[in-house]
Structures are given as structure tokens and as C-alpha cells.
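Numbering that gives the first Met the number 0 applies: residue 0 is where the sequence shown begins, and numbers increase by one. Note that beta-carbon positions come from the ideal geometry of N, C-alpha and C, so glycine has one too. Below: the structure, in C-alpha cells.
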Amino acid sequence: MSVQVSIDGRAIGEGEPAYVIAEAGVNHNGSLERAKRLVDASAAAGVDAVKFQKRRLEDTYREAVVDRPSTAELGVEYTVSNLKRVSLSDAAFRELATYAREAGLEFLCSPWDEASVDFLETLDVPAYKIGSPDLTNRFLLERVLETGKPLALSTGMAEEGEIRRTVEFLEDRGAEYALLHCRSTYPAPYHNLDLRFMEELDERYDVPVGYSGHERGTAVSTAAVGMGAAILERHITLDRELEGPDHDASLEPDEFDELVDDVRAVEESLGSHRRYLTRGEYNNRVSLAKSLVTTRAIEPGETIAREDLTAKSPAKGISPQEYEAVVGASVARAIGADETLRWTDLESGVAETYDPSLEGWGVVVRFSDIDDHDWGDPDLFEFRVNGADLEADFELDAYEQELGIHAPEQVGHEIVNPSATDEAARERAVDVIQRTIDLTREEIAPRFPATDRPPIVVHPGGVTADAMDREAVPELNAALERSVAELEEAGVEVLIENMPPLPWLYGGQQYHNNFMGAEEIADFCERTGRRICYDTAHAKLWCNYAGEDLLEHARTLRPYTAYLHVADAAGVDGEGLQIGDGEIDFDRLMPIYEDFDGPIITEIWRGHERRGAGFKEAAERLSDVRQHVR
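Shown next, in the form of C-alpha cells:
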């Protein structure tokens with residue numbers, strides 16, 4: 000499926016959430032009040048559209064059948080008698096259409112005859128749904144096509160040849176349409192549903208394919224979305240015990256709530272065709288997976304043998320999968336028994352070599368490891384300061400590189416939250432950031448004489464555990480503005496970093512609330528005169544979450560960007576990926592920074608491992624991109 004259709008600006012098809020229709024049909028049983036309650040239930044469930052049915056019986060059935068239903072076959076007699084009993088007036092339909100739109104829903108209606116199309120045009124419906132009985136009705140299809148509006152056609156009751164001929168008819172006329180797989184029995188038994196026929200429709204006709212279900216329960220409909228249904232239609236009723244042909248195959252309001260929730264959960268779970276470690280997985284991997292551990296003490300220069308190694312947790316060293324590359328290598332230092340083995344413990348021949356030539360390149364370091372790695376001659380070291388560092392005594396050598404600082408994100412189990420609306424929490428955050436500034440000026444910056452005014456990257460906080468509240472953004476950013484205004488930052492520059500929507504903290508996923516949207520951040524910068532650290536992965540995750548365009552996001556914030564954190568990203572929480580391993584098109588993104596002369600930090604998750612190989616490879620890839628786009 001590649002072609003999309005659009006209903007009132009809502010794209011339907013590949014890459015879009017399923018368009019969910021609550022088919023109220025005639026389940027109002029002729030009551031406008033009940034019809035409105037069906038609209039209310041549909042809106043509460045979170046569907047995209049609520050749909051009814053419109054007939055002018057004298058145009059839909061032969062006059063003799065309408066006048067004397069008892070003279071027809073039993074099934075026809077029941078159907079016509081029921082339709083006469085439950086028909087709504089034109090005035091009721093007008094009121095119902097307005098009511099649905101005021102509830103935030105698209106009002107759709109299936110016309111069963113040409114006169115009903117004429118009437119529905121007066122209601123300005125955005126699209127037409129053709130029921131299964133009319134898939135072969137060329138007269139009705141021609142009238143609908145005259146409106147120029149998109150249509151969705153159910154395929155129940157139709158043979159494959161009839162579907163093909165209708166598709167040819169629509170294609171010849173340039174119609175914008177979708178096909179819905181359907182079984183027109185009420186309720187439809189599971190063994191007749193044949194969901195795989197959706198795949199056939201998709202392959203044959205290259206149009207959006209959906210599912211119109213009449214089975215009991217929600218499982219099959221949810222599965223249909225998992226199989227790619229672009230549209231999902233199910234009947235809704237207030238009570239399955241009501242009289243009428245469709246109630247028994249309908250979902251009651253609580254079931255429709257469950258259906259929509261499950262559909263959206265399935266869509267979210269489908270993800271992409273690529274696999275990457277989430278932060279939560281990595282945290283659990285460290286605790287539960289294994290690394291190579293020595294079985295005996297090994298002296299410098301000794302060669303490692305197979306029997307010198309075993310695998311134990313935590314996973315903070317070389318993977319057991321790499322043991323064949325380690326056997327035969329010489330060790331560079333004295334290693335005790337039962338000690339985790341790291342690549343830096345080996346003399347040579349294991350780590351990859353790179354030639355990064357990225358201008359302004361920086362790597363992430365800690366005070367404990369800055370001298371333990373061959374970082375590849377970066378232009379800048381960015382120290383990740385943690386809460387314990389604020390209390391520690393340490394000594395640093397002098398370095399020729401530039402200096403960058405990243406303030407603590409948390410101290411102990413408390414998130415540093417300068418956006419806090421709780422005044423005590425906000426003041427604690429200001430204190431942590433101020434102590435970081437003081438530490439930088441007094442202890443760190445003197446060891447980096449090439450840096451006149453060290454940048455200090457600060458997270459805005461604004462994290463909640465249970466849900467995102469974008470309505471709180473003005474209040475949160477006002478608190479953030481107060482916090483940074485209270486800092487005494489002579490000799491340094493505090494740069495606030497843009498955030499991802501779903502960070503991993505304490506091993507669990509939480510929600511950021513502010514400093515994510517481009518316009519919001521730009522407004523903050525204009526109001527305060529501040530610049531930012533722009534994180535490409537965070538920005539991509541936010542844009543994926545919010546349905547925004549990354550390039551527009553980056554262009555909007557480019558005038559305020561003084562410092563770059565660069566990594567790839569995927570989905571809504573896959574950050575820190577190697578350049579080219581995620582979803583960011585760097586060939587299109589990097590030209591935005593063609594004249595950027597600030598630091599570019601390759602912030603690759605676990606990039607420090609294998610002697611900083613991840614950082615180096617990212618720098619090499621970015622250098623290639625920048626040379627290519629210039």
C-alpha cells in the first residue's frame with residue numbers, strides 16, 4: 000500500500016494511525032436522543048469518526064415492498080419493517096451532524112440511494128462510505144463520484160471478480176478510495192473472517208485497505224490493525240440486548256473504549272524494522288547480562304588464554320561474544336582474579352582505528368576516565384558532572400582542548416528540576432547548578448586555558464512520572480526563567496538543552512513536559528536572550544512523538560544554537576544511536592549547520608567503549624557528511 004486518501008485533511012494509509020469509525024448505523028432505533036448518546040460514546044472512546052446510515056426507502060426498495068413488507072420474503076420483511084420503524088427525519092440528521100462535529104468527530108453517513116447523496120451533500124460530509132450491498136451499484140457510485148469526495152467501500156457480499164470490476168470502474172474515473180475487507184453476517188464467525196485477504200487486496204490494488212468487522216469482541220479487529228488495516232470500522236450500540244439487526248454484532252461503549260486503546264497500543268508497539276537497545280534495556284543488561292571476567296591474576300605483558308576467562312555479571316566490560324578476539328592478546332596492566340576485563344586492559348590489536356577530522360569535535364568524559372582512553376585528539380572534552388562530583392576532591396592535568404561541562408541531571412534520587420513549580424524543589428535545582436558553575440570556575444576551567452568562557456549544559460527538568468502535560472509549559476518555563484535568572488554565571492555560559500519526550504530515569508520511562516517544541520524554545524530564547532545546546536537525537540524523538548518535521552525544528556532553533564549534541568535516533572525513545580543507524584537524514588540536517596563554528600559533541604550511547612570507538616566513528620561519519628554536503 001503506497002497511495003493514501005485524505006478525509007478532511009486527515010491522511011489515511013501507510014505510515015498513518017488507523018482511521019477508526021464508530022458505525023452507529025441504525026442502532027439509534029429511531030431515537031435522536033439515543034443517536035446523540037452514541038455520538039457521545041464514540042467521542043469518549045477516541046474514534047476519528049461516527050457514522051450513520053441514510054435511506055429514502057422508496058428509492059432503496061421497490062414500492063410494493065415498502066408499502067406491504069409482509070408480502071416479501073421473511074428476511075426482507077424484517078429488514079424493511081425495521082427500517083421504517085427506525086428512520087430519522089432530515090431535520091434530525093442535520094442536528095446530528097452538528098452535534099457530532101461539536102463533539103470533535105467527523106460526521107460520516109452511508110447513502111443507500113442517490114437521493115440520500117443529494118441530501119448528505121447539504122450536510123457537507125467530507126467523505127462517503129459505501130456499504131457492502133452497494134459495492135456493485137454503479138448508479139450510486141456514479142453519483143458519489145460526482146461529488147469529488149473520497150470514498151471507502153466495504154467488500155462483504157462480493158465475489159473477487161465483482162471487487163475487481165468495481166476497482167476498474169473507480170480507477171477509470173480517477174477516484175480517491177479505500178477498500179474495507181468485510182464479512183456481512185451479524186455476528187460473523189471467526190472461521191469466516193479471513194483477515195489475510197486484506198493482504199491480497201493490498202497487493203492487488205495499491206490503495207489503503209481496512210477492515211469492517213461484525214464479529215464479537217475486540218481481538219480480531221485489533222489484530223486487523225496489527226496486520227496493517229488503514230481504516231477500522233465497528234458497530235457501536237448502547238446495549239446489545241436492544242431490538243434490531245445490528246446490535247448483537249456491535250460493541251458497547253466500554254468495549255469500544257477498550258478497542259481504541261488496544262488499537263493505539265498495537266500501533267505504538269509495531270515500531271520499525273530496525274532494532275536498537277533502549278535505555279531501559281541497557282540498564283537491565285548491565286545488571287543481568289555478563290562480561291568477560293578473569294579466572295586468575297594476570298601480569299602485564301602476559302597473553303590471555305581461554306582458561307583465563309569466564310563470564311559473569313554485571314555487563315560492564317567486554318562481551319563474552321568477543322572472547323575469541325581476546326584470547327591471544329597481551330594485557331597492558333596488572334589484572335586481579337575475578338576482575339571485569341575491558342578493552343583498555345589489552346595492549347593492542349583489538350580496538351578499531353579511525354581518523355576523525357570533524358572541526359569542533361568533542362567527546363563526553365568523566366573525571367575518572369579522561370586519562371584512561373585514547374580519545375583520538377578531539378577539540379573539546381565535555382565533562383559529565385554527577386552529584387557526587389560536587390563533593391569530591393580531585394586533581395586534573397592541564398589540557399590543550401576546549402572545555403565543556405554538563406551539569407548533573409539528578410542528585411541522589413532527585414531530578415535536578417529548575418522548571419519545578421514547587422519552590423523548594425526549584426531552589427534545590429538552582430543550588431546544584433550554581434555549585435556546578437562554581438566548581439567549573441574554581442577547579443576545572445583553570446586546567447583548560449584555551450577556553451575563555453566554558454559552556455555549561457543544563458537540563459530543564461520538567462519531568463513527570465505518569466503523563467505529559469503540555470498545558471503546563473508556560474508555568475514550567477516561567478519557573479525555568481526564574482531559575483536561570485538567579486544564577487551567578489560570570490565567566491561561564493549556561494545553555495539549556497532541548498529534551499526528548501520519554502526519558503529513561505531510575506530504570507523506568509517517564510515524561511518530559513517542556514523545552515521540546517521549537518516555537519516554545521525559540522520564544523524562551525527571545526524572551527531571555529539565552530542560547531541553547533541543541534541535541535539532534537532529542538529533537539528527532541520529539542518530532543516523531545509530536546508529528547513535527549525535524550528540519551523545520553532545527554531551522555527554527557538554529558539562530559539560538561551555540562552547542563551541538565549529535566547522535567542518531569529512532570522512534571520516540573531510541574536516542575544515542577550511531578550516526579546512520581537511526582532515522583535522521585544527516586545529509587539534509589547538516590547543511591543547516593554549514594556555517595556553525597561551535598562545539599559538536601558526538602553523544603553516542605556507550606561511545607566510550609573500545610577506547611572511544613563509538614565517538615570516533617561518529618565523528619568520522621559526520622565529517623564525511625559535512626564534506627559531502629559542502
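With 16 other Cβ atoms within 10 Å as the buried cut-off, status of residue i
{"i": "P252", "result": "buried"}
{"i": "Y533", "result": "buried"}
{"i": "R142", "result": "buried"}
{"i": "V46", "result": "buried"}
{"i": "L104", "result": "buried"}
{"i": "Y176", "result": "buried"}
{"i": "T420", "result": "exposed"}
{"i": "Y189", "result": "exposed"}
{"i": "E280", "result": "exposed"}
{"i": "H412", "result": "exposed"}
{"i": "P299", "result": "exposed"}
{"i": "G160", "result": "exposed"}
{"i": "S367", "result": "exposed"}
{"i": "M515", "result": "buried"}
{"i": "P407", "result": "buried"}
{"i": "E574", "result": "buried"}
{"i": "D344", "result": "buried"}
{"i": "N191", "result": "exposed"}
Residue range of the unbroken beta strand (DSSP E) whose run includes residue i
{"i": "K315", "result": "No beta strand (DSSP E) contains K315, which DSSP labels as neither H nor E."}
{"i": "G573", "result": "573-576"}
{"i": "A428", "result": "Looking at the DSSP string, A428 is not in any beta strand (DSSP E); the run it does join, the alpha helix (DSSP H), is 422-438."}
{"i": "A10", "result": "9-11"}
{"i": "D534", "result": "531-534"}
{"i": "D567", "result": "567-569"}
According to DSSP, residues forming a beta bridge with residue i
{"i": "R383", "result": "H405"}
{"i": "K128", "result": "A151"}
{"i": "C108", "result": "F51"}
{"i": "V363", "result": "E381"}
{"i": "R233", "result": "A21, G212"}
{"i": "Q626", "result": "Partner(s): none; Q626 has no beta bridge."}
{"i": "Y510", "result": "T463"}
{"i": "S329", "result": "T302"}
{"i": "I297", "result": "I334"}
{"i": "Y562", "result": "C532"}
Contact check, residue i vs residue j, beta carbons under 9 Å
{"i": "Q409", "j": "A464", "result": "no"}
{"i": "G507", "j": "L479", "result": "no"}
{"i": "G570", "j": "A536", "result": "no"}
{"i": "T87", "j": "L139", "result": "Correcting the residue identity first, residue 87 is Leu in this sequence and not Thr. The answer is no: Cβ separation not under 9 Å."}
{"i": "A222", "j": "L194", "result": "yes"}
{"i": "A102", "j": "A187", "result": "no"}
{"i": "N476", "j": "N416", "result": "no"}
{"i": "F106", "j": "A44", "result": "no"}
{"i": "A517", "j": "V565", "result": "no"}
{"i": "S220", "j": "S183", "result": "no"}
{"i": "A484", "j": "T527", "result": "yes"}
{"i": "L169", "j": "L144", "result": "yes"}
{"i": "A21", "j": "F255", "result": "yes"}
{"i": "K148", "j": "P132", "result": "no"}
{"i": "I443", "j": "F382", "result": "yes"}
{"i": "G359", "j": "D378", "result": "yes"}
CA-to-CA distance, residue j to residue i, given in whole angstroms
{"i": "W112", "j": "E202", "result": "The amino acid at residue 112 is misidentified as Trp; the sequence shows Asp. If I take the Cα positions, the gap works out to 31 Å."}
{"i": "I603", "j": "G12", "result": "34 Å"}
{"i": "D39", "j": "I230", "result": "21 Å"}
{"i": "G348", "j": "A328", "result": "Bear in mind that the predicted position of G348 carries a pLDDT of just 47, short of 50, making it too unreliable to give a figure here."}
{"i": "E488", "j": "D205", "result": "60 Å"}
{"i": "S312", "j": "N282", "result": "13 Å"}
{"i": "E492", "j": "E306", "result": "53 Å"}
{"i": "P448", "j": "S290", "result": "39 Å"}
{"i": "G225", "j": "S5", "result": "21 Å"}
{"i": "A10", "j": "G29", "result": "33 Å"}
{"i": "A612", "j": "G361", "result": "13 Å"}
{"i": "Y544", "j": "G14", "result": "13 Å"}
{"i": "T450", "j": "L402", "result": "6 Å"}
{"i": "A23", "j": "R164", "result": "29 Å"}
{"i": "P558", "j": "D594", "result": "11 Å"}
{"i": "V75", "j": "P244", "result": "12 Å"}
N-terminal and C-terminal residue of the alpha helix (DSSP H) that residue i is part of
{"i": "I369", "result": "Premise fails: I369 is in no alpha helix (DSSP H) and is neither H nor E."}
{"i": "P252", "result": "252-269"}
{"i": "P473", "result": "472-484"}
{"i": "D396", "result": "Unbroken run through D396: none, as it is neither H nor E."}
{"i": "S183", "result": "Where S183 is concerned, there is no enclosing alpha helix (DSSP H), given that its DSSP letter is neither H nor E."}
Short CB-CB distance (under 9 Å) between residue i and chain B
{"i": "A471", "result": "In the structure shown, chain B does not exist; there is a single protein chain."}
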